[in-house]
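Counting in my numbering, the sequence shown runs without a single skipped number right up to 1244 at its last residue. What follows is a single structure, written as structure tokens, with notes after it.
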Amino acid sequence: MPQIGWFEILIVVILAILIIGPKDFPVMLKKMGAWIGSIKRYFNEIQKDVTDMKNTVEDEISVEKKYSNNNKDKKKDE
């Protein structure tokens, strides 16, 4: 995977300023920041939902194991 250094970033920023223009460049950065923020929030929400589902499934499995162990113990006592 190629590594991007400070020099490459500087070239991209200079080209973006030349292409977009110095007046619209801050506006574009603000919009990109808002987009990146909304994407991060979306993926964090998905990650939270998956973690919640995982915890729910683990809880159900542990309850079922306890229930099956209790039933085995009751059958042994009889």
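Beta carbons: idealized from backbone N, C-alpha and C, even for Gly.
Could you pull the start and end residues of the alpha helix (DSSP H) that Ile1183 belongs to?
1172-1186
Confirm, please, whether the CB-CB distance from Ile1183 to Phe1173 is below 8 Å.
Not in contact: Phe1173 and Ile1183 (Cβ atoms no closer than 8 Å).
Between the C-alpha atoms of Lys1231 and Thr1222, what's the straight-line distance to the nearest angstrom?
14 Å
Inter-residue spacing [alpha-carbon to alpha-carbon] between Leu1176 and Lys1206:
Leu1176 and Lys1206 have their C-alpha atoms roughly 25 Å apart.
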